[in-house]
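Colleague:
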Amino acid sequence: MSITRNIVAVGALTALAAGATTAFSTTASAAPNVTPQGVCGSAYKTVNSVPVGKLGTVYLTYNSSNGKNCVATIRANPGTATYMSAYIYVPDTDEWAGDSGNYTSYAGPSYVYGKGYCVSWGGSIDNVYVSVENSNCAALKEHRVTRIR
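Position one of the sequence shown corresponds to residue 2 (the working numbering), numbered consecutively onward.
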């Protein structure tokens, strides 16, 4: 009888511990350590960024092996899903890519071929919108804009 009681007690404690672990764990999408490379890929190096107020940052990355740029908007404090966006545009080729929706941590990735071209890019979190025009090219000076709607 004593062995049966001990087995039942151990089983109950195991179930309680497993339930507590599940109840107190966080989801991967709410991880505060999201990086531009985690969103775009490890071969993409950050070449520029712009803050979205205090809500987060839009990152411009570049992969020198394939000539592609990637943009990701990453929240400073992940949490409840909120409207976010990320976009990139190459004026000389008229190529663009974007992502938007209600997200907990980041919007993107958005990729375009940008080798040898100026790019315009930006994003938003909630009601704060940022854009950088004619960026990362020698010929033109970039122009940054932050709007709150």
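From the three backbone atoms N, C-alpha and C, an ideal C-beta is built for every residue, glycine too. Computed from a predicted model, the values in this text were never measured in an experiment.
What's the C-alpha gap between Gly74 and Thr36?
Modeller: Looking up residue 74 in the sequence shown gives position 73. Looking up residue 36 in the sequence shown gives position 35. It should be pointed out that residue 74 corresponds to Thr in this sequence rather than to Gly. The alpha-carbon atoms of Thr74 and Thr36 are separated by roughly 10 Å.
Colleague: Assuming Asn67 contacts Ser136 (C-beta within less than 8 Å), just tell me the rounded distance between them.
Modeller: Working through the sequence shown from its first residue, we reach residue 67 at position 66. Working through the sequence shown from its first residue, we reach residue 136 at position 135. Actually they do not touch by this definition, with Cβ atoms about 19 Å apart.
Colleague: Considering only their Cβ atoms, is the gap separating Ala77 from Gly57 smaller than 8 Å?
Modeller: Position 56 of the sequence shown holds residue 57. Position 76 of the sequence shown holds residue 77. Cβ distance < 8 Å, so Gly57 and Ala77 count as in contact.
Colleague: Would you kindly work out how many angstroms separate the C-alpha atoms of Val59 and Pro92, rounded to a whole number?
Modeller: Residue numbering aside, residue 59 sits at position 58 when the sequence shown is read from its first letter. Residue numbering aside, residue 92 sits at position 91 when the sequence shown is read from its first letter. Straight-line Cα distance between these residues: approximately 19 Å.
Colleague: Within the same chain, show all residues whose beta-carbon is closer than 6 Å to that of His144, passing over the 5 residues directly before and after it, in chain order.
Modeller: In the sequence shown, counting from the first residue as 1, residue 144 sits at position 143. The answer, listed in chain order, is Glu134.
Colleague: Are the CB atoms of Lys69 and Gly115 nearer to each other than 8 Å?
Modeller: As a working note, residue 69 is residue 68 in the sequence shown. As a working note, residue 115 is residue 114 in the sequence shown. Yes, the pair counts as a contact, with Cβ atoms nearer than the cut-off.
Colleague: In terms of residue numbering, what span does the beta strand (DSSP E) encompassing Asn37 cover?
Modeller: Along the sequence shown, read from residue 1 onward, the residue named residue 37 stands at position 36. Looking at the sequence shown, residue 37 is not Asn but Pro. Note, Pro37: premise wrong, no beta strand (DSSP E); alpha helix (DSSP H) at Pro37 to Cys41.
Colleague: Residues in its own chain within less than 6 Å of Tyr112 by CB, not counting five upstream and five downstream?
Modeller: As a first step, residue 112 is located in the sequence shown; it is residue number 111 there, counting from the start. Hits under 6 Å: Lys69, Cys71 and Ala98.
Colleague: Relative to the C-alpha of Ser125, which candidate in Tyr90, Tyr63, Val40 and Gly102 has its C-alpha closest?
Modeller: Start at 1 with the first residue of the sequence shown, and residue 125 comes out as number 124. Nearest of Tyr90, Tyr63, Val40 and Gly102 to Ser125, Cα basis: Gly102.
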